[in-house]
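J.: Note that my numbering gives residue 38 to position 52 of the sequence shown, counting from 1, and the numbers run on in steps of one. Virtual Cβ for every residue (Gly too), placed ideally from N, Cα, C.
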Amino acid sequence: MRRIHYAWAIAAVTFIALMGAAGFRSTPGVLIVPLETEFGWNRALIAGAVSINLILFGLTGPFAAALMERFGMRKVVVAALALVATGSLLTVSMTAPWQLYLLWGVVVGLGTGTIASVLAATVASRWFVKRRGLVLGALTAAGATGQLIFLPFLGWLAQNVGWRWSAITVGIAAFAVVPLVALVLRNRPADMGLLPYGGTEAEPVGPAVSGGPIRNAIRGLRLGVRSRDFWLLAASFFICGASTNGLIGTHLIPASMDHGLAEVTAASLLAVIGVFDVVGTLASGYLTDRFDSRRLLFCYYALRGLSLLFLPYAFGSRYFGLVLFIVFYGLDWVATVPPTVQLARRVFGPRDMPVVYGWIFASHQLGAASAAFAAGAVRTFFGDYQLAFMSSGLLCLVAAGLVLRVSRSRVEPKGLPAPIEQPAFS
-13 MRRIHYAWAI
-3 AAVTFIALMG
7 AAGFRSTPGV
17 LIVPLETEFG
27 WNRALIAGAV
37 SINLILFGLT
47 GPFAAALMER
57 FGMRKVVVAA
67 LALVATGSLL
77 TVSMTAPWQL
87 YLLWGVVVGL
97 GTGTIASVLA
107 ATVASRWFVK
117 RRGLVLGALT
127 AAGATGQLIF
137 LPFLGWLAQN
147 VGWRWSAITV
157 GIAAFAVVPL
167 VALVLRNRPA
177 DMGLLPYGGT
187 EAEPVGPAVS
197 GGPIRNAIRG
207 LRLGVRSRDF
217 WLLAASFFIC
227 GASTNGLIGT
237 HLIPASMDHG
247 LAEVTAASLL
257 AVIGVFDVVG
267 TLASGYLTDR
277 FDSRRLLFCY
287 YALRGLSLLF
297 LPYAFGSRYF
307 GLVLFIVFYG
317 LDWVATVPPT
327 VQLARRVFGP
337 RDMPVVYGWI
347 FASHQLGAAS
357 AAFAAGAVRT
367 FFGDYQLAFM
377 SSGLLCLVAA
387 GLVLRVSRSR
397 VEPKGLPAPI
407 EQPAFS
């Protein structure tokens, strides 16, 4: 009987880690109203902590990619899970806003940022040649699966037992994943004497730059900013983050509660979006292997924009309108990731893609942070989220136009320092 390639074990463990990270990252949406009720903190103040979390979640990406190159994925992911668990468990004793900003903003932000889209891109790029787009779609869908599993349960805990039990659950779950990652995750196929799945020869190993992970991350940024395609991808991904993690991921639950839905019901809405997201992201990975990624992104952003423009009316029509929104918005929640990674790999090459994509992903999270804070401020000052939803929808239509301008082929930037090989550890 033909043996299953070890790449699939790597993909499975990565899926579990990413699924957990998504559940951990989505917890603030469940906590906003309980924290507002218990401590009297306004929504803009709480959203500020979420914004810091999202900024660090994004800015960690390129440095996480460089650290994985230097020390290996296993050590970096284990350290990140420990950060998430520590930050979550310490949250239960907080009494002041600065503690929320430190624990959920900084500590959990750094931890979840390391176990994020950059990890999925790195695993798919290193371990798969055949089915790379499909695997990337599956790993990206782990985020939706995490929301589907965690959000209703965390919402139930927050409503019936108390928000502290939601934080404790996240901490325990993060620690529980550590042994699995430590036992299974490996850096590259060559470390085990294997070829990538579907490969006929070893993939070229991207050497680290002399000076270590920080210099490697900065080199990736220098490479990116010299390319027009980098700015197009970064700008469209900024809007992607603003319209997903920042707006809907953070504020859909409290916005639904503003319209009379119970917290568990509101959390379940976001979880159901996750169901359609799994379908849409898997389909996106399949389509990315077969069609022009730019045209796929155009369709995704246009559909998302129209969905967000419809959302204020969906709340007015109660369940029927919300069901329509959930279906159409959910299908492309993170369906944008596989074609964006594919474009980054095509433009910057397999060696430089993880770090450069890390910076593109950083723009995604800067957009998310901006929208998380801005939407909270809109709610505080205007009393509802309508302006936030409409503005985000229009920006998505702008992103649909931007992605069509990305180049068809790789453009080599000039004037970059030559990389100097250093060892990578698993």
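For serine 79, count neighbouring Cβ atoms within 10 angstroms of its own Cβ and tell me buried if that reaches 16, exposed if not.
T.: The residue in question, serine 79, is exposed, as its Cβ has fewer than 16 Cβ neighbours within 10 Å.
J.: Measure the C-alpha to C-alpha separation of asparagine 202 and valine 63 and round it to an integer number of angstroms.
T.: The alpha-carbon atoms of asparagine 202 and valine 63 are separated by roughly 19 Å.
J.: Would you call the CB atoms of glycine 9 and glutamine 145 closer than 8 Å?
T.: No, these two residues do not count as a Cβ contact at 8 Å.
J.: Tell me whether phenylalanine 277 sits in a helix, a strand or coil according to DSSP, three-state version.
T.: Reduced to three states, the DSSP call for phenylalanine 277 is coil.
J.: Using DSSP bridges, identify the partner residues of phenylalanine 10.
T.: BP columns for phenylalanine 10 are empty, so no partner.
J.: At which residues does the alpha helix (DSSP H) containing serine 74 begin and terminate?
T.: Residues 59 to 76.
J.: When the Cα atoms are used, what is the spatial distance from tyrosine 299 to serine 378?
T.: Distance between the alpha carbons of tyrosine 299 and serine 378 is about 15 Å.
J.: Measure from the alpha carbon of valine 392 to the alpha carbon of each residue in Gly148, Val147, Val327, then state which is nearest.
T.: Of the listed residues, the one whose Cα sits closest to valine 392 is Val327.
J.: Which of the three DSSP states, helix, strand or coil, is assigned to tyrosine 287?
T.: Here tyrosine 287 sits in helix by DSSP.
J.: Could you check whether the segment 216 to 235 touches the segment 382 to 391, counting it as contact only if at least three pairs of C-beta atoms, one from each stretch, sit closer than 8 Å?
T.: Enough Cβ pairs lie closer than 8 Å, so yes.
J.: Identify whether tyrosine 183 lies in helix, strand or coil by the three-state DSSP scheme.
T.: It is a strand residue.
J.: Got a sec, what are the start and stop residues for the alpha helix (DSSP H) methionine 376 sits in?
T.: Per DSSP, methionine 376 belongs to the alpha helix (DSSP H) from 372 to 389.
J.: Is it buried or exposed for alanine 194, if we count other Cβ within 10 angstroms and need 16 for buried?
T.: Any reading at alanine 194 must be qualified, since the residue scores a pLDDT of 45, below 50, and its modelled position is unreliable; the value itself is stated next. The residue in question, alanine 194, is buried, as its Cβ has 16 or more Cβ neighbours within 10 Å.
J.: Would the segment 329 to 346 and the segment 261 to 268 be scored as touching if the rule is three or more Cβ pairs under 8 Å?
T.: No, the segment 329 to 346 is not in contact with the segment 261 to 268.
J.: Please state if the CB of leucine 140 and the CB of glycine 95 are separated by a distance shorter than 8 Å.
T.: Contact flag unset, no.
J.: If we call anything under 8 Å between Cβ atoms a contact, is leucine 282 one with proline 48?
T.: No. Outside cutoff.
J.: Which residue from Thr155, Ala107, Arg60 puts its Cα closest to that of glycine 73?
T.: Nearest option by C-alpha distance: Thr155.
J.: Kindly list the residues whose CB is nearer than 6 Å to the CB of glycine 192, restricted to its own chain and excluding five residues on each side of it in sequence; keep chain order.
T.: With a pLDDT of only 49 at glycine 192, under the threshold of 50, the placement of this residue in the model should not be trusted, and no figure is reported.
J.: Have a look at Ala269, Ser356, Tyr371, Arg205 and flag the residue whose alpha-carbon is nearest the alpha-carbon of phenylalanine 334.
T.: When only C-alpha atoms are compared, the closest one is Arg205.
J.: Give me the DSSP bridge partner(s) of phenylalanine 114.
T.: According to DSSP, which records beta bridges pairwise, phenylalanine 114 is partnered with Tyr183.
J.: Is isoleucine 101 helix, strand or coil by DSSP?
T.: Here isoleucine 101 sits in coil by DSSP.
J.: Measure the beta-carbon distance from alanine 109 to leucine 125 and round it to whole angstroms, keeping in mind my assumption that it falls under 8 Å.
T.: According to the sequence displayed, residue 109 carries valine and not alanine. Contact holds; Cβ gap of about 7 Å.
J.: What does the Cβ neighbour count give for glycine 302, buried or exposed, with the cut at 16 atoms within 10 Å?
T.: Answer is exposed; the Cβ neighbour count stays below 16.
J.: Tell me, to the nearest whole angstrom, how far the beta carbon of asparagine 39 is from that of tryptophan 90; I am working on the premise that it is less than 8 Å.
T.: That pair is a contact at about 6 Å.
J.: In angstroms with no decimal places, state the Cα-to-Cα distance between threonine 0 and lysine 61.
T.: C-alpha separation (whole angstroms): 13 Å.
J.: Give every residue of the same chain whose Cβ lies closer than 6 Å to the Cβ of alanine -2, excluding the five residues on either side of it in the sequence, and list them in chain order.
T.: Same-chain partners within the cutoff: there are none.
J.: By DSSP, does asparagine 173 sit in helix, in strand, or in coil?
T.: Residue state, collapsed to three classes: coil.
J.: Starting from tyrosine 315, trace the alpha helix (DSSP H) in both directions and tell me its first and last residue.
T.: Segment 305 to 316, the alpha helix (DSSP H) holding tyrosine 315.
J.: Could you say which of Val323, Pro325, Phe375, Leu292 lies nearest to leucine 310 if we only look at CA atoms?
T.: The candidate whose alpha carbon is nearest that of leucine 310 is Leu292.
J.: Taking the alpha helix (DSSP H) that methionine 339 falls in, what are its first and last residues?
T.: Per DSSP, methionine 339 belongs to the alpha helix (DSSP H) from 323 to 368.
J.: Span of the alpha helix (DSSP H) holding alanine 220?
T.: Its alpha helix (DSSP H) spans residues 214 to 227.
J.: How far does the alpha helix (DSSP H) with threonine 236 in it reach, from first residue to last?
T.: Residues 236 to 244.
J.: If you count every other CB in all the chains shown that lies within 10 Å of the CB of proline 165, and 16 or more means buried, which is it?
T.: Classification for proline 165: exposed.
J.: Between the segment 213 to 221 and the segment 363 to 378, can you find at least three pairs of beta-carbon atoms closer than 8 Å?
T.: Flag = no, the segment 363 to 378 and the segment 213 to 221 do not touch.
J.: Going by beta carbon distance, what residues of the same chain come within less than 7 Å of alanine 330, once the five residues before and after it are set aside?
T.: The residues are Leu219, Met339, Val342, Tyr343, Ile346.
J.: Suppose the cutoff is 8 Å on Cβ atoms and the five residues either side in sequence are ignored; what does the same chain contact list for glutamate 22 look like?
T.: Excluding positions up to five away in sequence, the list reads Asn28, Arg29, Ile32.
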